[in-house]
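Colleague: Numbering (my numbering), first residue to last: 3 to 105.
Structure provided below as C-alpha cells; questions to follow.
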Ligand SMILES: [Zn+2]
Ligand SMILES: [Zn+2]
C-alpha cells in the first residue's frame with residue numbers, strides 16, 4: 003500500500019487517500035479517497051467535541067455525547083441514557099446468569 007498519485011489534465015498532482023483532498027477537490031471516488039474522506043468527516047465530528055453546541059439542541063443525549071456538553075439539561079439526558087443502558091445491560095446479564103439452586 004502506498005499513496006497513488008495521478009495528474010490532472012492541467013498537470014496538478016492528485017494524491018489519492020491522504021487527507022481526502024482528491025475526494026473534495028477532484029471528486030475522485032476511488033476506494034482510497036472515499037476512505038480518506040470518511041476519516042476526515044469523522045475527525046471533523048470529533049473536533050466538534052468541546053465546542054459550544056447550538057442553543058436549541060440541549061437536553062439530548064446526542065448533545066451530551068457528540069458535543070461533550072455538560073450543561074444541566076445535557077447532563078440529565080446523559081444520566082438518563084446511561085441509566086437506561088445500565089438497566090438493560092443488567093437485565094441482559096441477569097438473563098445470562100445461570101440459575102444455581104443450592105439449598
Ligand atoms: Zn482517488
Ligand atoms: Zn447542553
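Where is the CB? At the ideal position from N, CA and C, for every residue including glycine.
If I follow the unbroken beta strand (DSSP E) through residue 92, where does it start and stop?
Modeller: Here residue 92 belongs to no beta strand (DSSP E); instead the alpha helix (DSSP H) covers 74-98.
Colleague: Can you give me the C-alpha to C-alpha distance between residue 100 and residue 86, rounded to a whole angstrom?
Modeller: The alpha-carbon atoms of residue 100 and residue 86 are separated by roughly 23 Å.
Colleague: Report the CB separation of residue 66 from residue 77 in whole angstroms; it is logged as a contact under 8 Å.
Modeller: Yes, residue 66 and residue 77 are in contact; Cβ-Cβ is about 7 Å, under 8 Å.
Colleague: Under the assumption that residue 22 contacts residue 42 (Cβ atoms under 8 Å), give the Cβ distance between them as a whole number of angstroms.
Modeller: So it is a contact: roughly 4 Å between Cβ atoms.
Colleague: Is the beta carbon of residue 18 within less than 6 Å of some heavy atom of ligand 2?
Modeller: Incorrect: residue 18 has no Cβ contact closer than 6 Å to ligand 2.
Colleague: Please confirm whether any heavy atom of ligand 1 lies closer than 6 Å to the CB of residue 24.
Modeller: Yes; taking the cut-off as 6 Å, the Cβ of residue 24 has a heavy atom of ligand 1 nearer than that.
Colleague: With a 10 Å radius around its C-beta and 16 neighbouring C-beta atoms as the bar for buried, classify residue 39 as buried or exposed.
Modeller: The residue is buried, with at least 16 neighbouring Cβ atoms inside 10 Å.
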